[in-house]
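Protein chains in written order, with our numbering: chain L, 77 to 320; chain E, -7 to 455. A short write-up of the structure that comes next.
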Ligand code: SF4
């Protein structure tokens, strides 16, 4: 089973250890993992800014890079969602590309979803102990149906206790460029999310998307919370030695 | 003041957010309970189909409606825009010697600014929906929500207002306050010569208008005065009563979490000799105001909207800034799509961007309008028409170009990480970020971990 790991631009830039954790998990699940080194970004920032042309060029690049893989996996619900749910829209007027986009889209998965539903990872290598609460990122949840999968994987770690927060499915206020265009509004929405995280009493909030991660961690720290950890599901599942 | 400034100010208004949180509790929880009683997905699908069916042959259904309504004594008039609404209504008022008009909720009347036009024509407009009444006596304040127009007011604020305007002792019991408002309105109900209402649906096969209300004022407005004027958008027409029944399973549930609204009226024709009440003259003003252009366009889906406000109630941005920030009649996600379409894309540049695209709106919408997609489409039109700020376009172009040149991109990423780490001064966070000050105004920006994934991966592989 040849899996192409789409690291995503934010993981590449901000949290490489999540990329390595994903790599380790996919290997633990018995996959042959390839990481095309020419990969950059899925084009989502351009797409959501209304620049279809730029988004399409990046989509073509990504499709060409990953087409040879049986599966494409990304440690991000919004990037996987971009490929699976939105690439077909970009090529709506181009049957040849549309076919390629749809074919790749149907083989593209968010990491936790892939591990749970396709690779059926049984033994999770991580050794995290403590209470966690899970933030459902919008694209993962509402575009890809990622909800039970990460929780099922967390349940395989004996030391992890899941404590659901109020409004787990509510947006954290990131929204890509929105976080900068409407900084005050975005930060205020993040504050409500952080209030819910803290009220859950969990040691860590676990999630599957870098945007939410930066937003929630940034807000928690600004609120003076130095204690609550903000972890990507890959880090928790892969354990400490995944660190780069 | 522009949207951005209003939104920022509202984001800091914790009192406003407390009120919005109460409303959210009511509407969001209410809806959750109410939709659990039905096969939600099947009903959404059926409702979407009904609305699509109407829109596919809008002209035919409107003609049918006109025929049936006319046959029952109504008169159907067409208005291209707000100015025409005002002209038609004031003409009708003049013809029947109307001095006072009582109104139940009509969004079209808000779109048109009808009250001011009526006053200028010497007709006193009286809002009878409690929320609208509160706003009207508060110096014609604008509504902030399409079904709960005064949601931004606390009970205390309303108590102050009532005491000041009604010249009665201040009351804070909601029941007593409502009774007081009702007493004030009663005289108007009895002395008005014209009633103006909106319409939730127009039923083509019977020429009827369906009204969904909770206070009973709608019944008075539509049956007591000798003249009844219905003002509604052309897209509100549906083929049959059967369709109405389907849509009514989902509208009140999505809107207020009610199985059925307190009042639900299907009004057909003028008063017949054997009827005990009803208007002697019935007018339907069916309004375009930008709607017809949407038929067959990439935005036709938006015309399915049944104005339930579920998208508004569930929107994290609306919950933070309230309705006034949106600047026109329609707030929240549906407003962020409708306002630019109706007032001009160039006149509402910020609205399509005022969303995180979380799609909470899309999943609750009873007629499955893909609101985030429509907002994205509006963003695309802004780009195509060169309406985005120069700096944003340049930054996006540069980034997109880099992303297609992996070697240069890798270099830029490497330098970017070094730069961010320098800003973090060796710590784990950036407190002030010059390139995106609005991020760090309200939160920290976590520092990058160190070398990029690509750098580390390549050096590991070469070992
Ligand atoms: S867009 Fe959908 S959810 Fe929003 S008001 Fe219209 S029908 Fe209701």
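Built from N, CA and C at the ideal position, the CB exists for glycine as well.
Query: Closer than 7 Å at the beta carbon, the chain E residues around residue 255 of chain L; Result: 431
Query: Presumed contact (8 Å Cβ cut-off) between residue 286 of chain L and residue 84 of chain L, rounded CB distance; Result: 7 Å
Query: Residues that residue 388 of chain E contacts on chain L, provided the C-beta gap is smaller than 8 Å; Result: 121, 122, 125, 127, 130
Query: Interface partners of residue 288 of chain E on chain L, CB under 9 Å; Result: Here the premise fails: no neighbours, minimum Cβ distance about 17 Å.
Query: Contact with chain L by residue 436 of chain E, beta-carbon distance below 7 Å; Result: yes
Query: C-beta contact flag for residue 433 of chain E and residue 422 of chain E at 7 Å; Result: no
Query: Minimum C-alpha distance to residue 136 of chain L - residue among L/117, L/210, L/299; Result: L/117
Query: Residue from E/395, E/441, E/365, E/451 whose Cα sits closest to the Cα of residue 162 of chain L; Result: E/365
Query: Limits of the unbroken beta strand (DSSP E) element including residue 193 of chain E; Result: 193 to 195
Query: Sequence-distant residues of its chain with Cβ nearer than 8 Å to residue 240 of chain L (five each side left out); Result: 209, 210, 276
Query: Below-7 Å beta-carbon distance, residue 294 of chain L vs any chain E residue; Result: yes
Query: For residue 146 of chain L, the nearest candidate out of L/124, L/125, L/108 (CA to CA); Result: L/108
Query: Per-residue DSSP class, three states only, for residue 116 of chain E; Result: strand
Query: Reduced DSSP secondary structure (H/G/I, E/B, other) of residue 255 of chain E; Result: strand
Query: Residue burial classification, residue 159 of chain E (beta-carbon count within 10 angstroms, cutoff 16); Result: exposed
Query: Start and end residues, alpha helix (DSSP H) containing residue 93 of chain L; Result: 92 to 104
Query: Segment contact flag, the region 219 to 237 of chain E with the region 189 to 204 of chain E, C-beta cutoff 8 Å, min 3 pairs; Result: yes
Query: Per DSSP, the bridge partner or partners of residue 289 of chain L; Result: BP columns for residue 289 of chain L are empty, so no partner.
Query: Neighbourhood of residue 94 of chain L by C-beta, 8 Å cutoff - its chain only, sequence neighbours within 5 removed; Result: 87, 151, 286, 308, 310, 311
Query: Proximity below 7 Å, CB of residue 281 of chain L to CB of residue 273 of chain L; Result: yes
Query: C-beta neighbour in chain E for residue 263 of chain L, strict 7 Å; Result: yes
Query: Beta-carbon proximity list for residue 341 of chain E, same chain, < 7 Å, skipping 5 on both sides; Result: 374, 379
Query: Reduced DSSP secondary structure (H/G/I, E/B, other) of residue 318 of chain L; Result: Note on residue 318 of chain L: pLDDT 44, under 50, position unreliable in the model; no value is reported.
Query: Contact test: residue 42 of chain E Cβ vs ligand 1 heavy atom, cutoff 6 Å; Result: no
Query: Own chain, CB closer than 8 Å to residue 230 of chain L, minus 5 neighbours either side, in chain order; Result: 208, 210, 236, 238, 282, 309, 312, 313
Query: Contacting positions in the region 82 to 106 of chain L - beta carbon closer than 8 Å to chain E; Result: 83, 85, 87, 88, 89, 90, 91, 92, 93, 95, 96
Query: Exposure label - residue 339 of chain E; buried when at least 16 CB within 10 Å; Result: exposed
Query: Counted within 10 angstroms of its Cβ, other Cβ atoms place residue 198 of chain L as buried (16 or more) or exposed; Result: exposed
Query: The region 78 to 85 of chain E / the region 146 to 160 of chain E touching (three or more Cβ pairs under 8 Å); Result: no
Query: Contact test: residue 405 of chain E Cβ vs ligand 1 heavy atom, cutoff 6 Å; Result: no
Query: Contact the region 119 to 130 of chain E vs the region 85 to 99 of chain E: 3+ CB pairs below 8 Å; Result: yes
Query: Within-7 Å CB hit, residue 259 of chain L to chain E; Result: yes
Query: Interfacial residues, the region 397 to 428 of chain E to chain L, with Cβ spacing under 7 Å; Result: 398, 401, 405, 408, 409, 421, 428
Query: Counted within 10 angstroms of its Cβ, other Cβ atoms place residue 389 of chain E as buried (16 or more) or exposed; Result: exposed
Query: Residue(s) in a DSSP beta bridge with residue 263 of chain E; Result: None, per the DSSP bridge assignment.
Query: Beta-carbon contacts of residue 360 of chain E that lie in its chain and below 6 Å, excluding the five residues immediately before and after; Result: 36, 40
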